[in-house]
Amino acid sequence: MNIISVEVFYRFIDFGHNFEVHDNLDFKGLYESEEYTHEMESDLYRTIMMKKGDGVSMDIDSTGNLHTIKIFLIFSTDGEADWSLVGLIRGWIDSHFRNKQNEDYSFAGVEITEEGLIVELQDVVFRELTPNLINELNENGMKCDIVGHKKRSYDNGSGDYREAILFFVASSIAGGVTWDIIKPLFLKVYRKFTDEIGPMERHKSFNSARLIDSISELTGENQLNSIITDVNTNVETGLTRVILQTRNSRIYVTCDDNENITNYRVEEITQTRI
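Okay, structure coming up:
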């Protein structure tokens, strides 16, 4: 079951005074759905743009079965806001997802193990790149899962679309997965679309189940309520930062090269009902 969090903001920009920005949260809701697709995201964005014309930003952060949608409706402080837009958005949401009546659910994220690599791609502008990349790796005997997927659509006179994807590449080939094997495959797929390669980073792999168990003991969070949303390794220090999401909090964890937790911080996010 997919869990979808939706927030709609009216963003007011003072273009005449240092471009001051004020965001007003107008609506938030929690939904569920058996189906959740990229085509749905695109259709929601098109629906808003057909009504508003421009001045829209939509940020989507997907991790496992959790999808967080934040929509920003942009207006000048000198103009008049169209307050009917939030009704249009709620109508689309209600016709595609069910309102979550209770908070009895669990997260389903990607299981990470030491046998593989974590690779991050940034500034991806081609929606077709990700499925092509997964197919290429599968054909070469490697299983590829998406740990986190961030998408941003923006239009304020001119349109822009960007993705950032965090992959876990597990090995089913003799000798395991190495960066020397994976990188040429990533570049091969990239060059089907463009010669301008965006930032590409690799991060240390680890045992996600063991890490979640350790954090559960430290914080009291149920393992089923925790999902890994981001991983980043500092090549200079060797420390890896992992972000976990629970229903009511976001947990920032730092691990050393041996997967020992050196520190962690809990940030409560109860107000978002996730």
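Those letters in the sequence shown? Residues 2 to 275, per my numbering, in order.
Note that CB positions come from ideal geometry on N, CA and C, so glycine has one too.
Small disclaimer: the values here were computed from a predicted structure and weren't measured.
Within the same chain, show all residues whose beta-carbon is closer than 6 Å to that of residue i, passing over the 5 residues directly before and after it, in chain order.
i: H290; result: No answer is possible for residue 290: it lies beyond the span of the chain, which begins at 2 and ends at 275.
i: D231; result: G149 and I244
i: L70; result: A small fix is needed here, since residue 70 is Ile in this sequence, not Leu. Contacts found: V7 and I61.
i: F10; result: D24, L26 and F73
i: T273; result: Per-residue confidence for T273 stands at a pLDDT of 42, beneath the threshold of 50, marking its modelled position as unreliable; no derived number is given.
Decide if residue i is buried, meaning its Cβ has at least 16 other Cβ atoms within 10 Å, or exposed.
i: Q246; result: buried
i: H68; result: buried
i: K205; result: buried
i: A210; result: exposed
Quick one: what does DSSP say residue i is sitting in, helix, strand or coil?
i: L130; result: helix
i: Q284; result: Residue numbering for the chain in the displayed model covers 2 to 275; residue 284 lies beyond these limits and cannot be assessed.
i: R47; result: helix
i: Y162; result: strand
i: K151; result: strand
i: N100; result: strand
i: S209; result: helix
i: S77; result: strand
i: L219; result: helix
i: N264; result: strand
Using a Cβ-Cβ cut-off of 8 Å (strictly less than) and excluding sequence neighbours within five positions of residue i, which residues of its own chain qualify?
i: Y162; result: V126, R128, K152, R153, S154 and Y155
i: N208; result: I113, T114, E115 and E260
Give me whichever residues DSSP pairs with residue i in a beta bridge.
i: K1; result: Here the chain has residues from 2 to 275 only, and residue 1 is not among them.
i: F13; result: H23 and F76
Excluding the 5 residues preceding and the 5 following residue i in the sequence, name in chain order all residues of the same chain whose CB lies nearer than 7 Å to its CB.
i: L45; result: W93
i: G158; result: D55
Open item on the list: Three Cβ pairs or more, each shorter than 8 Å: is that satisfied between the stretch 120-133 and the stretch 18-25?
Closed with: They do not touch, by the three-pair rule.
Open item on the list: When you compare the stretch 115-126 with the stretch 194-213, are there three or more beta-carbon pairs, one atom per stretch, that lie closer than 8 Å?
Closed with: A contact exists between the stretch 115-126 and the stretch 194-213.
Task: Three-pair Cβ contact test at 8 Å for the stretch 179-194 versus the stretch 87-96 - done: By the criterion of at least three beta-carbon pairs nearer than 8 Å, the stretch 179-194 is not in contact with the stretch 87-96.
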